[in-house]
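Per the numbering used here, the sequence shown runs over residues 17 to 502. C-beta atoms are modelled at their ideal positions from N, C-alpha and C, and glycine is treated no differently. Fair warning: this is a prediction, and the values are worked out from it, not measured in the lab. Read the structure below first, then the notes.
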Amino acid sequence: MENIIKDIDIIAPEEAQACDFKTTGDENTGKSKKLYIESYGCQMNFSDSEIVASIMKENGFDTTSDFEQADVIFLNTCSIREKAEQTVRKRLSQFNSLKKSKPEMTIGVLGCMAERLKEKLLEEEKIVDVVVGPDAYRDLPNLVSSAEDGHKGVNTFLSREETYADISPVRLNSNGVSAFISIMRGCDNMCSFCVVPFTRGRERSRDPFSIVEEAKDLFEKGYKEVTLLGQNVDSYKWSPEENNKARLNKKEEEVSSVINFAHLLEMVAKVSPKLRVRFSTSHPKDITDEVLYTIKKYDNICKYIHLPVQSGNSRVLEMMNRTYDREWYLERVSKIREILGEECGISSDMIAGFCTETEEEHRDTLTLMDIVKYDFSYMFFYSERPGTLAAKKYEDDIPLSIKKRRLAEIIEKQSTISLERNKLDVGKIQEILIEGTSKRSEEQLRGRNSANKVVIIPNHLFKKGDYVKVKITDCSAATLFGEVVY
Ligand code: SAH
Ligand code: SF4
Ligand code: F3S
Numbered sequence: 017m018e019n020i021i022k023d024i025d026i027i028a029p030e031e032a033q034a035c036d037f038k039t040t041g042d043e044n045t046g047k048s049k050k051l052y053i054e055s056y057g058c059q060m061n062f063s064d065s066e067i068v069a070s071i072m073k074e075n076g077f078d079t080t081s082d083f084e085q086a087d088v089i090f091l092n093t094c095s096i097r098e099k100a101e102q103t104v105r106k107r108l109s110q111f112n113s114l115k116k117s118k119p120e121m122t123i124g125v126l127g128c129m130a131e132r133l134k135e136k137l138l139e140e141e142k143i144v145d146v147v148v149g150p151d152a153y154r155d156l157p158n159l160v161s162s163a164e165d166g167h168k169g170v171n172t173f174l175s176r177e178e179t180y181a182d183i184s185p186v187r188l189n190s191n192g193v194s195a196f197i198s199i200m201r202g203c204d205n206m207c208s209f210c211v212v213p214f215t216r217g218r219e220r221s222r223d224p225f226s227i228v229e230e231a232k233d234l235f236e237k238g239y240k241e242v243t244l245l246g247q248n249v250d251s252y253k254w255s256p257e258e259n260n261k262a263r264l265n266k267k268e269e270e271v272s273s274v275i276n277f278a279h280l281l282e283m284v285a286k287v288s289p290k291l292r293v294r295f296s297t298s299h300p301k302d303i304t305d306e307v308l309y310t311i312k313k314y315d316n317i318c319k320y321i322h323l324p325v326q327s328g329n330s331r332v333l334e335m336m337n338r339t340y341d342r343e344w345y346l347e348r349v350s351k352i353r354e355i356l357g358e359e360c361g362i363s364s365d366m367i368a369g370f371c372t373e374t375e376e377e378h379r380d381t382l383t384l385m386d387i388v389k390y391d392f393s394y395m396f397f398y399s400e401r402p403g404t405l406a407a408k409k410y411e412d413d414i415p416l417s418i419k420k421r422r423l424a425e426i427i428e429k430q431s432t433i434s435l436e437r438n439k440l441d442v443g444k445i446q447e448i449l450i451e452g453t454s455k456r457s458e459e460q461l462r463g464r465n466s467a468n469k470v471v472i473i474p475n476h477l478f479k480k481g482d483y484v485k486v487k488i489t490d491c492s493a494a495t496l497f498g499e500v501v502y
């Protein structure tokens with residue numbers, strides 16, 4: 017097992033939260049210049065790249081999927097683990113010869129790595145022309161135009177207000193069925209291992225009416241599923257008094273009280289019963305019964321919750337500053353099961369080998385997994401990040417070989433549980449939303465059930481965006497197989 021995971025610190029199912037990079041699709045609306053973007057990291061970064069593409073489009077750029085054709089290359093980067101940053105540096109070095117042969121090309125580093133390293137990136141990576149943090153994308157056209165005149169530029173200003181609410185994202189690489197909608201930015205939690213509060217700034221919620229408008233617009237364009245995105249969606253909070261007083265319009269005046277995440281979910285669910293609503297990420301300390309009852313109330317809110325636990329041991333959770341303990345977490349899971357039933361999908365993130373973690377404490381993570389029975393998980397070993405609370409306060413004292421062995425045990429456990437959970441679906445009738453053909457064969461279609469599991473069915477001439485009733489006939493640890501029910 018150890019060999020298999022030598023070079024990976026994340027194991028995740030298809031279309032994982034944070035694995036490979038994604039590039040731009042081609043868009044040709046007759047603009048004079050071409051932009052190529054590669055996005056790394058979480059869904060929020062992919063969603064941000066769509067905002068970036070929109071800002072650049074207004075300023076004369078179409079997107080291209082061929083970087084050799086590009087006038088501007090952006091890497092929208094992630095800092096979450098050391099490996100994520102190494103990947104970007106390797107990629108930059110691959111662009112070296114291209115830049116030599118085409119010196120007029122502008123290369124920009126965007127996102128979390130830009131925010132973390134600021135000016136230092138220009139010194140360290142000579143081919144980089146612009147460095148722009150997640151709250152400064154409106155300044156990209158200026159910075160790119162200065163770079164074209166030979167002036168390198170950095171803007172890593174973090175805002176307390178910016179939500180890009182008025183920008184209509186250019187959907188990149190979209191399957192035309194599912195889209196992301198950012199509902200908030202930043203994070204006010206201070207998990208001791210995590211770099212996000214430093215790279216993304218303070219938490220702020222986006223105007224709910226602009227969110228509903230975006231969902232409506234997507235539905236009208238044929239989309240059938242939206243995923244509401246935020247680092248901690250359960251702390252979504254918006255009120256006309258607190259947010260953007262200056263932009264009060266009629267609709268907002270009608271809102272008398274604070275809109276929380278449960279209200280927002282309901283507002284989006286009402287756009288159409290044929291629009292599926294998903295959301296990510298829920299924080300165990302904040303997920304309320306009100307949210308769970310709202311999920312139950314609407315068939316089109318998917319019965320799936322990503323509820324990262326990080327560790328199954330209360331002492332480690334305290335050191336991680338997660339502000340809940342094992343008991344609290346298990347109580348929240350019981351509540352999910354009580355209100356939404358056994359069929360509700362639950363997934364998690366886990367970190368193996370956090371500072372001072374003992375073997376016994378590691379086993380607490382394994383036993384918690386046995387109790388919760390996650391459908392799947394994103395699993396990592398701890399990677400110390402400069403500037404975080406853990407880096408300042410604790411020694412990164414678990415040897416890499418032990419971190420990897422513990423991670424391997426967690427992965428093995430998850431794979432057994434995933435298979436066990438999938439077997440429970442066999443024989444059941446479920447509604448799936450078709451996303452396209454199966455990656456293995458054009459003869460098969462690939463859809464997703466409410467619990468976020470991929471279901472493969474024989475091609476019965478359905479098309480992307482169709483809802484289809486299927487009977488689950490078989491499964492592996494990662495996939496369900498079904499046949500159409502007429
Ligand atoms: N806001 C989300 C997490 C975003 S980061 C939440 O609170 O759940 C995604 C995941 O990366 C985290 O859940 C955590 O499991 C992992 N992660 C974050 N920092 C890490 C680090 N320093 N080392 C290893 N994994 C880390
Ligand atoms: Fe990081 Fe914690 Fe915020 Fe998630 S909730 S982004 S893990 S600080
Ligand atoms: Fe990475 Fe930044 Fe997301 S650090 S995980 S891209 S918020």
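Among residues of its own chain, excluding the 5 on either side of residue i, which ones have a beta-carbon nearer than 8 angstroms to its beta-carbon?
| i | result |
| --- | --- |
| V228 | M283, V284 and V287 |
| S431 | A493 |
| D315 | P289 |
| C94 | A34, Y56, G57, C58, N61, A100, E101, V104, G127, C128 and M129 |
| K240 | V193, S194, K290, L291, R292, L449, G481 and Y483 |
Flag residue i as yes when its Cβ comes closer than 8 angstroms to any non-hydrogen atom of the ligand SAH, and as no otherwise.
| i | result |
| --- | --- |
| I199 | no |
| T404 | yes |
| E400 | yes |
| A446 | The sequence as given places Gln at residue 446; Ala does not occur at that position. Result no, Cβ not under 8 angstroms from the ligand SAH. |
| M366 | yes |
For residue i, tell me which candidate among the options has the shortest Cα-Cα distance.
| i | options | result |
| --- | --- | --- |
| S162 | E139, R187 and G124 | G124 |
| E400 | A231, C210 and L188 | C210 |
| G369 | S251, E343, R294 and I418 | I418 |
| E140 | Q85, S109 and A152 | S109 |
| I89 | E98, V68, I96 and K240 | V68 |
| I317 | L308, V147 and L234 | L308 |
| E377 | E178, E458, L234 and I426 | I426 |
| N475 | K420, I450, A467 and Y180 | I450 |
| P119 | D42, R97 and D145 | D145 |
| L245 | E236, D233 and H299 | H299 |
| S255 | V249, K237 and N276 | N276 |
| T45 | S63, T79 and V486 | T79 |
| N248 | I199, H279, L234 and F235 | I199 |
| K168 | L137, F225, S184 and D182 | L137 |
| T297 | I321, K312 and F235 | I321 |
| S454 | L91, N75, Y398 and I472 | I472 |
| P157 | K487, N75 and I183 | N75 |
Does the beta-carbon of residue i, which I'm using as the reference point, lie nearer than 8 angstroms to any heavy atom of the ligand F3S?
| i | result |
| --- | --- |
| R216 | yes |
| Y153 | no |
| C58 | yes |
| Q110 | no |
| S95 | yes |
| G166 | no |
| N61 | yes |
| A100 | yes |
Tell me where the alpha helix (DSSP H) around residue i begins and ends.
| i | result |
| --- | --- |
| N112 | N112 to S117 |
| L518 | No answer is possible for residue 518: it lies beyond the span of the chain, which begins at 17 and ends at 502. |
| C128 | G127 to L133 |
What do you reckon, is the C-beta of residue i under 8 angstroms from a heavy atom of the ligand SF4?
| i | result |
| --- | --- |
| C210 | yes |
| G395 | Gly is not the amino acid found at residue 395; the sequence shown has Met there. Incorrect: M395 has no Cβ contact closer than 8 angstroms to the ligand SF4. |
| T381 | no |
Compare the beta carbon distance of residue i and residue j with 9 angstroms and say whether it is the shorter of the two.
| i | j | result |
| --- | --- | --- |
| R222 | G202 | no |
| T243 | L281 | no |
| T172 | K134 | yes |
| E257 | R220 | no |
| L188 | S273 | no |
| C360 | K439 | no |
| D305 | K253 | no |
| D380 | V332 | yes |
| I197 | E230 | yes |
| A226 | A181 | For clarity, residue 226 is Ser in the given sequence; the question names Ala instead. The answer is yes: Cβ separation under 9 angstroms. |
Residue range of the beta strand (DSSP E) that residue i falls in?
| i | result |
| --- | --- |
| I448 | I445 to T453 |
| K142 | K142 -> no beta strand (DSSP E), and no H or E assigned at all. |
Taking only heavy atoms of the ligand PLP into account, decide whether any of them is closer than 8 angstroms to the Cβ of residue i.
| i | result |
| --- | --- |
| S492 | Within the structure as shown, the ligand PLP is missing, the only ligands being the ligand SAH, the ligand SF4 and the ligand F3S. |
Just to confirm my understanding: we take residue i, look at its own chain, exclude 5 residues before and 5 after, and list those with CB closer than 6 angstroms. What are they?
| i | result |
| --- | --- |
| L382 | K429 |
| K301 | T339 and Y340 |
| S251 | D302 |
Short of 7 angstroms in beta carbon distance, which residues of its chain neighbour residue i, apart from the five on each side in sequence? Order them along the chain.
| i | result |
| --- | --- |
| T404 | S208, F209, C210 and V211 |
| K452 | In the sequence as presented, Lys is not what sits at residue 452; that position holds Gly. Cβ within range, chain order: N191, R462 and K480. |
| F214 | R132 and G403 |
| G238 | G192 and G481 |
| A407 | E400 and R401 |
| Y390 | I362, S363, S364, Q430 and I433 |
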